[in-house]
Amino acid sequence: MKELLHFMVCSLVDNKDAVSIKEVQGQKSLVLEVKVADEDKGKVIGKGGKTAQAIRTVVKGIAAKENKKVIIEII
Numbered sequence: 005m006k007e008l009l010h011f012m013v014c015s016l017v018d019n020k021d022a023v024s025i026k027e028v029q030g031q032k033s034l035v036l037e038v039k040v041a042d043e044d045k046g047k048v049i050g051k052g053g054k055t056a057q058a059i060r061t062v063v064k065g066i067a068a069k070e071n072k073k074v075i076i077e078i079i
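In the working numbering, the protein residues as written are 5 to 79.
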């Protein structure tokens, strides 16, 4: 999941070197913290948060097949 998320985010941003994804294991879920350069945050979030929501939907769909719960935070 982390690799897929990294691929999707890198496809959206200009500064691919600034992309970092950190996994934090919670009690019941996996939290993926996405960090991008300040000038690329708008591209990842999208107008009205639609791009971020689409990314979350894709990753949560894959996680559901593995019976896992994933939370994506854009920092």
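Note that CB positions come from ideal geometry on N, CA and C, so glycine has one too.
- Considering only Leu34, Glu27 and Asp42, the residue with the shortest C-alpha distance to Lys72 is Leu34.
- Here the alpha carbon of Arg60 sits roughly 16 Å from the alpha carbon of Gly46.
- Around the Cβ of Ile79, a 10 Å sphere holds fewer than 16 other Cβ atoms; the residue is exposed.
- Val48 is positioned such that its CB atom lies no closer than 8 Å to that of Leu9.
- A straight-line Cα-Cα distance of about 24 Å links Met5 and Asp42.
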